[in-house]
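4 is the number of the first residue of the sequence shown in our numbering; add one for each residue after it.
Glycine residues also receive a C-beta, built at the ideal position from the N, C-alpha and C atoms.
Please read these numbers as outputs of a predicted model, since none were measured by experiment.
A short write-up of the structure that comes next.
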Amino acid sequence: MFEPLLDRHRRPLRDLRISVTDRCNFRCTYCMPRDVFGPNYAFMDRRELLTFEEITRLAAVFRGLGIEKVRLTGGEPTLRRDLDRLVRMLAGLPGLDLTLTTNGSTLEGLAEPLASAGLKRVTVSLDSLDDAVFAKMNDANFPVARVLAGIEAAAKAGLRPIKVNCVVNRRINLGGVLDLARQFRGTPHVMRFIEFMDVGTTNGWRMDDVVPSRELIALIGKEWPIEPVEAGYPGEVAARWRYRDGSGEIGFISSVTQPFCRACNRARLSADGRLFTCLFGVQGHDLRGPLRAGASDAALADVIREAWRRRDDRYSELRSAETAGLPKIEMSFIGG
Ligand code: SAM
Ligand code: SF4
Ligand code: SF4
């Protein structure tokens, strides 16, 4: 239907992540360590945030440029008040696949209203089934049971299949990987293990803490034989595997050991309206300025088109000990 918008490496623009807040009720060590994101941290002022009307207008412009999928994220997107109203507005844009990534803390009560508003699916982050290890990862003292209840509520509300994301850190939660796999084996939900990435500059990333996916594939495969499945669509970031005994699927996201920049078709819109063409970007392209100055849809499309055409990003392919220390935007700002 659309002529794809291609960047310098002929990668089409297909997928848009929209951060609706930079705030979060968790302080995951790998994303918002509390010593940096403490009580004195200056989060965005309300006036800096794009309004729901502004987000929807930009999403429509992106849709016109070939976006097929929108994922709402953050920070913790469910902290943004009246999120269901935004979902209803975005669901009004024809042909968009609309999803959400959440830490699951408020999902039990929100799953139904969000599904009714037009949300199609959710991805829930869950790094351990053990309360003590979970707390070590997210520094939030939040019971695992409430996240599990959120997943159940989401399934009941029809937000299926649910993807469950776990960032694996060798020193903290590697020991619980089999428990997580077991929990979702035999369900329609897909457990996915993510390599700990050097996003931002605050999470103390060290290669020693990264558990390569191939190690997890061997660990899980020893317990329950698994085999690879074809990618569902071009640019899919998770390598899909399935249990040989028919107990469902499992996924591995190997952004560190097997970078997928070559197929990266994803743009990110920060909560204050900046367009990032890479998770490891620094500045972003301001869209809020022109939007609030009265730019037409065509003019906004031109800014996006130009940014995407000039895009040369492939950070993960170039990653090294040196690049880990370069200035980069924080994950809580543009939402993974
Ligand atoms: N707060 C929501 C959540 O946690 O799902 C949405 C935003 S969060 C930034 C989006 C995703 O990024 C989560 O699945 C999280 O696990 C992942 N993430 C954050 N920091 C990461 C890191 N350093 N390496 C790999 N994944 C990370
Ligand atoms: Fe919050 Fe999600 Fe980042 Fe954890 S990963 S601190 S839940 S935004
Ligand atoms: Fe895409 Fe940048 Fe990640 Fe590469 S490093 S996959 S270009 S977001």
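Does the Cβ-Cβ distance between residue i and residue j come in under 9 Å?
{"i": "Tyr246", "j": "Ile253", "result": "yes"}
{"i": "Thr32", "j": "Ile175", "result": "yes"}
{"i": "Val180", "j": "Phe196", "result": "yes"}
{"i": "Asn141", "j": "Asn106", "result": "yes"}
{"i": "Gly251", "j": "Gly189", "result": "yes"}
{"i": "Leu222", "j": "Glu57", "result": "no"}
{"i": "Ile21", "j": "Arg308", "result": "no"}
{"i": "Thr24", "j": "Leu52", "result": "yes"}
{"i": "Val64", "j": "Asp300", "result": "yes"}
{"i": "Arg314", "j": "Arg14", "result": "yes"}
{"i": "Asn168", "j": "Thr104", "result": "yes"}
{"i": "Leu9", "j": "Leu16", "result": "yes"}
{"i": "Gly178", "j": "Val136", "result": "yes"}
{"i": "Pro7", "j": "Gly69", "result": "yes"}
{"i": "Cys281", "j": "Asp305", "result": "no"}
Let's test the definition: count the other Cβ atoms within 10 Å of the Cβ of residue i and tell me whether it reaches 16, buried, or not, exposed.
{"i": "Lys331", "result": "buried"}
{"i": "Lys166", "result": "buried"}
{"i": "Glu79", "result": "buried"}
{"i": "Leu162", "result": "buried"}
{"i": "Gly338", "result": "buried"}
{"i": "Pro191", "result": "exposed"}
{"i": "Arg291", "result": "buried"}
{"i": "Leu329", "result": "exposed"}
{"i": "Tyr44", "result": "exposed"}
{"i": "Tyr318", "result": "buried"}
{"i": "Thr326", "result": "exposed"}
{"i": "Gly287", "result": "buried"}
{"i": "Leu321", "result": "exposed"}
{"i": "Asn144", "result": "exposed"}
Does the beta-carbon of residue i, which I'm using as the reference point, lie nearer than 8 Å to any heavy atom of ligand 2?
{"i": "Phe29", "result": "yes"}
{"i": "Glu111", "result": "no"}
{"i": "Met35", "result": "yes"}
{"i": "Gly339", "result": "yes"}
{"i": "Glu198", "result": "no"}
{"i": "Ser119", "result": "no"}
{"i": "Met194", "result": "no"}
{"i": "Ser3", "result": "Because the chain in this structure spans residues 4 to 339, residue 3 falls outside the shown range and cannot be described."}
{"i": "Ser335", "result": "yes"}
{"i": "Gly78", "result": "yes"}
{"i": "Asn141", "result": "yes"}
{"i": "Asn43", "result": "no"}
{"i": "Asn144", "result": "no"}
Cβ-heavy atom distance between residue i and ligand 1 below 8 Å?
{"i": "Asn176", "result": "no"}
{"i": "Ser319", "result": "no"}
{"i": "Gly161", "result": "no"}
{"i": "Thr104", "result": "yes"}
Please indicate yes or no: does the CB of residue i lie closer than 8 Å to some heavy atom of ligand 3?
{"i": "Phe283", "result": "yes"}
{"i": "Asp316", "result": "yes"}
{"i": "Ser258", "result": "yes"}
{"i": "Cys264", "result": "yes"}
{"i": "Arg74", "result": "no"}
{"i": "Cys169", "result": "no"}
{"i": "Arg277", "result": "no"}
{"i": "Arg312", "result": "no"}
{"i": "Arg269", "result": "yes"}
> Quick one: complete beta strand (DSSP E) runs, 3+ long, within the segment 161 to 240?
Replying inline: 166 to 171, 193 to 198, 229 to 231
> Of all the alpha helix (DSSP H) runs that stay within the bounds of the segment 96 to 152, which reach a length of 4 or more residues?
Replying inline: 110 to 120, 134 to 141
> Should the segment 77 to 96 be called in touch with the segment 118 to 129, which here means at least 3 C-beta pairs below 8 Å?
Replying inline: yes
> Could you give the uninterrupted runs of the alpha helix (DSSP H) lying entirely in the segment 264 to 296, keeping only those of 4 residues or more?
Replying inline: 291 to 295
> So, do the segment 201 to 217 and the segment 227 to 240 have three or more beta carbon pairs nearer to each other than 8 Å?
Replying inline: no
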